[in-house]
Amino acid sequence: MNKDKILKETRSLFIIILVALLLKVTLIEAYIVPTGSMEKTIMIGDFLIGNRFVYGMRTPDWIGIPYTDIGFDIPYFRFPKFREPKQGDIIIFKYPRDPHLKYVKRCIAEPGDTLEIRNRKVFINGNEFALPEHGRFMLPMAAKLQKDQNIFMGKGNKDNFAKTIIPHKGDRIPIGPETALFVMQLMLMDGHELTLKNDDGVFHFTMTDPADLYRRKGSYVVFDEYYPNGNLLNPWSTNMPRGELFFDGQEIMNLKEYEVEQNYYWAMGDNRDNSQDSRFWGFVPENYM
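For reference, each letter of the sequence shown is one residue, going -12 to 276 in the numbering used here.
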């Protein structure tokens, strides 16, 4: 094989790889489904092609070593969308507690909707959202979900869930004891800094751990003393001294309200008894879709 032919084939291979990467970043992305949370609509091992531009194509927001968490965030840009996500769409999104993972679920509720689950039936704005045609209930519940069954914000359990309003961009939520956990989660997902200051130093809280919502950054030591009755970190707890929790440098208890900065959605698997979804970890922010 002569030198010119080698260079030509190398150039062709480089162009193919470049085009493939460009398509992956801008238009479509391929996924292999690893779990049965969407059975029998989508089965384990199914090959999916995700449409990246229908909700607004976005440039990469992270650079690092593939298949690891080693890297750093970078500013991103989002192109105009063709349409908003809507109820019933099958969506692919970054897992809110670990953005390096991708989840596929069904969009159940949109921003501003009121969601409630009664006796395993899902109601949106008072109307039942029927189990999809190929969806199913499947017992017993998977062992992993039994172990990690921390229902979102103490709203109930996977079969009965109290009324919850899905946050809409521009909503103003009063900050107080009843809304503390709810607002703090939105603050983190909207990209704000939440810090705890005590005698041990300053700790930055994050949502990226799948086991607990609030942990020390870079450590697996949970602040158990700040979890009264098994709840998540609450600045109004008697265990939390006044002025110790800060939102972007401000004492959080001095704030009267929080304005939601993006739309949020509620996602569930069609295989409802074997799906770790919004019932467990909360809302899906629009910028994760």
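Glycine included, every Cβ here is placed at the ideal spot set by N, Cα and C.
Computed from a predicted model, the values in this text were never measured in an experiment.
In this structure, how does DSSP classify Gln237 when only helix, strand and coil are distinguished? If DSSP states are grouped into helix, strand and coil, Gln237 belongs with the strands.
Would DSSP call Arg105 helix, strand or coil? Under the three-state reduction of DSSP, Arg105 is assigned to strand.
Taking the alpha carbon of Pro86 as the reference point, which residue from Ile104, Arg105, Trp49, Phe110 has its own alpha carbon closest? If we check each option's Cα against that of Pro86, Trp49 comes out closest.
On the DSSP bridge list, what partners appear for Ala254? Its beta-bridge partners are Cys94.
Comparing alpha-carbon positions, which option in Asn274, Tyr251, Asp260, Asn261 lies nearest Ile95? Of the candidates Asn274, Tyr251, Asp260, Asn261, the residue whose Cα lies closest to the Cα of Ile95 is Tyr251.
Could you round the C-beta distance between Phe69 and Val271 to whole angstroms and report it? I think they count as a contact, below 8 Å. Not really, about 19 Å apart at Cβ, beyond 8 Å.
What is the DSSP secondary structure of Thr277, reduced to helix, strand or coil? With the chain covering only -12 through 276, there is no way to say anything about residue 277.
The beta strand (DSSP E) enclosing Phe80, as first and last residue numbers: That run of the beta strand (DSSP E) goes 77 to 82.
In this structure, does DSSP put Lys(-10) in helix, strand or coil? Of the three classes helix, strand and coil, the one that applies to Lys(-10) here is helix, per DSSP.
Residue closest to Asp235, alpha-carbon to alpha-carbon, out of Phe59, Thr182, Thr46: Per the Cα distances, Thr182.
Close Cβ partners of Phe148 (< 7 Å) along its chain, the five nearest in sequence each way excluded: If we look at Phe148 and ignore the five residues flanking it on each side, its Cβ neighbours are Glu103, Ile104, Lys142, Arg266.
Taking a contact to mean a Cβ-Cβ separation below 8 Å, would you say Thr101 touches Lys150 in this structure? With respect to the 8 Å criterion, Thr101 and Lys150 are classified as neighbours on the basis of their beta carbons.
So, using beta-carbon positions, are Met255 and Pro72 closer together than 8 Å? The answer is no: Cβ separation not under 8 Å.
Look at Tyr245 and Ile152 and say whether their C-beta atoms are less than 8 Å apart. Against a cut-off of 8 Å, the Cβ pair of Ile152 and Tyr245 comes out as no contact.
Where does the unbroken alpha helix (DSSP H) through Arg259 begin, and where does it stop? From DSSP, Arg259 is part of no alpha helix (DSSP H); its letter is neither H nor E.
Indicate the three-state DSSP secondary structure (helix, strand or coil) for Phe270 in the structure shown. In the displayed model, Phe270 falls within coil according to three-state DSSP, outside both helix and strand.
Output the distance between the C-alpha atoms of Val170 and Leu(-6), rounded to the nearest integer angstrom. Inter-residue distance for Val170 and Leu(-6) is about 58 Å (C-alpha atoms, whole angstroms).
By the three-class DSSP mapping on this structure, what secondary structure does Ile152 have? Reduced to three states, the DSSP call for Ile152 is strand.
Since Gly51 is in the beta strand (DSSP E), which residue starts that stretch and which ends it? Looking at the DSSP string, the run of the beta strand (DSSP E) that includes Gly51 is 49 to 51.
Identify, in the order they occur along the chain, each residue of the same chain with its Cβ nearer than 7 Å to the Cβ of Met174, setting aside the five sequence neighbours on each side. The beta carbon of Met174 sits closer than 7 Å to the beta carbons of Leu181, Phe234, Tyr245 from its chain, once the five residues preceding and following it are set aside; these are given in chain order.
Spatial neighbours of Tyr82 within its chain, please: C-beta separation below 6 Å, excluding the five flanking residues on both sides. Non-local beta-carbon contacts of Tyr82 in its own chain, meaning distances under 6 Å to residues more than five positions away in sequence, involve Leu88, Tyr90 in chain order.
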